[in-house]
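Before any comments, here is the structure.
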Amino acid sequence: MVNEELALSPTSLSLETAKSCVIISTESSISIYDLYTNQRRLLILILLSLAGIVLPFSDTVYLPALAEIEHDLHASTVLVDYTISAYLISAGIAGFLWGPLSDRFGRKIILIVTFILFLAFTIVCALARTIAVLLVFRSLQGAVICASFVVGQSAVVDIYPPEKIGFAMGLFLVPLLVGPIIGPFIGGILSSVFGWRSTFIALGIMTIIATLMIFFFVPETHPHLVFQRLSRKLQKNSADKNTKAALNIRETDIIMKPRFIPPWRSLIFLFDMTLIPHIALCNSNFSILFLLFTDMSNRLTEKPYLLSPFSIGLCYIPTGIGSLTGSLCGGWISDWSAKRFPRAIEGRLIFNLIGSFLCPFGLLLCGWSFHFNLHLAGPLIGSTLFCFGETFMFTSTSAFATIKKPTMAGTILALISSIGFLSSGIGIIVIIPLFKILKFGYLFSILAAIVFLLICISGMVIIFQIRKSNLTTTHSNIMKTTPSSHALIDQSKDIIPIQFF
Numbered sequence: 463m464v465n466e467e468l469a470l471s472p473t474s475l476s477l478e479t480a481k482s483c484v485i486i487s488t489e490s491s492i493s494i495y496d497l498y499t500n501q502r503r504l505l506i507l508i509l510l511s512l513a514g515i516v517l518p519f520s521d522t523v524y525l526p527a528l529a530e531i532e533h534d535l536h537a538s539t540v541l542v543d544y545t546i547s548a549y550l551i552s553a554g555i556a557g558f559l560w561g562p563l564s565d566r567f568g569r570k571i572i573l574i575v576t577f578i579l580f581l582a583f584t585i586v587c588a589l590a591r592t593i594a595v596l597l598v599f600r601s602l603q604g605a606v607i608c609a610s611f612v613v614g615q616s617a618v619v620d621i622y623p624p625e626k627i628g629f630a631m632g633l634f635l636v637p638l639l640v641g642p643i644i645g646p647f648i649g650g651i652l653s654s655v656f657g658w659r660s661t662f663i664a665l666g667i668m669t670i671i672a673t674l675m676i677f678f679f680v681p682e683t684h685p686h687l688v689f690q691r692l693s694r695k696l697q698k699n700s701a702d703k704n705t706k707a708a709l710n711i712r713e714t715d716i717i718m719k720p721r722f723i724p725p726w727r728s729l730i731f732l733f734d735m736t737l738i739p740h741i742a743l744c745n746s747n748f749s750i751l752f753l754l755f756t757d758m759s760n761r762l763t764e765k766p767y768l769l770s771p772f773s774i775g776l777c778y779i780p781t782g783i784g785s786l787t788g789s790l791c792g793g794w795i796s797d798w799s800a801k802r803f804p805r806a807i808e809g810r811l812i813f814n815l816i817g818s819f820l821c822p823f824g825l826l827l828c829g830w831s832f833h834f835n836l837h838l839a840g841p842l843i844g845s846t847l848f849c850f851g852e853t854f855m856f857t858s859t860s861a862f863a864t865i866k867k868p869t870m871a872g873t874i875l876a877l878i879s880s881i882g883f884l885s886s887g888i889g890i891i892v893i894i895p896l897f898k899i900l901k902f903g904y905l906f907s908i909l910a911a912i913v914f915l916l917i918c919i920s921g922m923v924i925i926f927q928i929r930k931s932n933l934t935t936t937h938s939n940i941m942k943t944t945p946s947s948h949a950l951i952d953q954s955k956d957i958i959p960i961q962f963f
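Residue numbers in the sequence shown follow the numbering used here, run continuously in steps of one, and reach 963 at the last position.
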């Protein structure tokens, strides 16, 4: 292992670490993950997480002010709600692109470019005078800011080994899940005091800070680009210029030369039956999460609740805490489960899938509480349980997918997030009008039944894969302990005949 006391600058890897990996003999090799100390990995993870908080903050910061936007821009409730769905649909479509682009050009440059574009679009949203302008530039905001989630996750996968990726993913999602807590809360305060436009001004300030953090303190993490940079440094500092210095990295399968994979190529994963059930479950919950947040904002302004924007912001705190707790617990449980069931990658999903049963239960509690106009505690408890179950499963599924397809981490994470954003945006357009027809209780019951069915399908796939892996391992062990006829013949050639005199 690399010495943990190696001093690493904020923008480069340790040359001493690389020198220890120079090929001198066939025995000198190192893991690509050992190029980072534990402290360095944690620092990069924290910075990526903090920068990524812009995404959920942008999602939720103006939810408490939807009624105010409707009045100020003389727009209908449906059109104001469409600014949310347009944002999500654009994020879903563009998300297919950012993953492959980061696989080709690197993580850092994509993050910086998208944050700068997002800042420009945010300024226009703050100055919007019509609902059409707000609708268009909210769409553009979603198209670029989704890169902070997709590319940020890819960078985390670059620096953490598979046995620690569950914990890392859980920690990465913490600020992303704090956003739903502080977003509506801060948005409610700003909207009540300064008006809804101040929420976009605050969003712009956060974007500037995130851009500066990425530019000055986060290095490029793409394995191949890191490998090439260190190789050049070693060659440049080599005492013998005629000797070619090289790094002997064990994970040669994940340091292949960057290449752009067409976005539509990632759709092939939708036909992988070992992946699609888990992706479908996570994205269904993700879509319902945005539907729940949007519905809560509208419902809490009606009788019998009649809450102010500030009070509505406070109501999102329990759901945010549920998401935060679910992410941290889900990452830890995922890594623990992977060690308990090491023969199959699906083993890390078992306990997280069990925890996801909180999602349909929470939906039923929230929906019927709103349906019968029960005390506010009912929908808040239900939505909190749902948020816990959603992130509890999402964390482990992201880790599972990247471990299963390590060479296409950015592409597959882009697929997961893109489908989630697309289904969320379409869901808001299609389902919100149904609330007037089916009412809350019945509609939330249908959604709960869909989630329950997907959990059962995902569970059957996990059981099948684990049994299949156990049978394969057993067969392999039998073959190893039973010598083949060819092996017996080869061994007989080595027998030295004994001569008797």
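Here a beta-carbon is modelled for each residue, glycine too, at the ideal position from N, C-alpha and C.
A residue is called buried once 16 or more other Cβ atoms fall within 10 Å of its Cβ, and F583 is buried on that count.
A contact is defined here as three or more CB-CB pairs under 8 Å, and the segment 520-529 fails this definition with respect to the segment 681-696. With a cutoff of 8 Å on beta-carbon distance, I874 and A861 are scored as not near each other. Taking S858 as reference, the option from I812, C849 and I893 with the minimal CA-CA separation is I812. Under the three-state reduction of DSSP, I492 is assigned to strand. Of all C-beta pairs linking the segment 819-828 to the segment 845-852, three or more are shorter than 8 Å, placing the two stretches in contact.
Here the segment 648-664 does not lie against the segment 559-576, with fewer than 3 beta-carbon pairs under 8 Å apart. Contact between the segment 593-601 and the segment 540-550 is present: three or more C-beta pairs spanning the two stretches fall below 8 Å. When C-alpha distances from I494 are compared across H686, A588, L579 and D521, the shortest belongs to H686.
Secondary structure at A911: helix, using DSSP grouped into helix, strand and coil. With distances taken between CA atoms, V913 lies nearest to L815 out of S796, I925 and L815. Pairing F731 with N835, the inter-Cα distance amounts to about 43 Å.
Unbroken alpha helix (DSSP H) stretches of 4 residues or longer found wholly inside the segment 864-901: 871-893, given in chain order. A Cβ-Cβ separation of about 7 Å places I648 in contact with V523 under the 8 Å criterion. Cβ-Cβ distances below 6 Å link A553 to G604, C608 and F883 in the same chain, with the five nearest sequence neighbours on each side left out; the list follows chain order.
By the Cβ test, the segment 625-639 is in contact with the segment 797-808, since at least three Cβ pairs between them sit closer than 8 Å. Taking the Cα of I670 as reference, the smallest distance to any Cα among Y544, I585 and A742 is reached at I585. In the three-state DSSP reduction, N745 falls in the helix class (H, G or I). Under the Cβ criterion (8 Å, minimum of three pairs), the segment 736-744 counts as touching the segment 909-926.
A straight line joining the alpha-carbon of S770 with that of G645 spans about 16 Å.
When secondary structure is reduced to three states using DSSP, L768 falls in the coil class, being assigned neither helix nor strand.
Taking C-beta separations shorter than 6 Å and ignoring five residues to either side along the sequence, the partners of G887 in its chain run S547, L550 and I551, following chain order. E852 counts as buried, since no fewer than 16 other beta carbons sit within 10 angstroms of its beta carbon. The C-beta distance from L512 to P637 rounds to 6 Å, short enough to fall under 8 Å.
Contact check for G809 against F902 fails: the beta carbons are separated by 8 Å or more.
Each residue's CA atom was taken as its position, placing I890 and F926 some 35 Å apart. Just measuring C-alpha positions, the residue of K698, V923, R591 and G614 sitting nearest I506 is G614. In terms of CA proximity to L597, S538 leads the group S538, V923, G784 and R694. Look at D734 here: in three-state DSSP terms it is coil, with no helix or strand label. Rounded to the nearest whole angstrom, the C-alpha separation of G793 and I865 is 14 Å. Look at T846 here: in three-state DSSP terms it is helix. Counting along the chain, the unbroken alpha helix (DSSP H) around P562 starts and ends at T539 to F567. A distance below 8 Å separates the beta carbons of L877 and S728.
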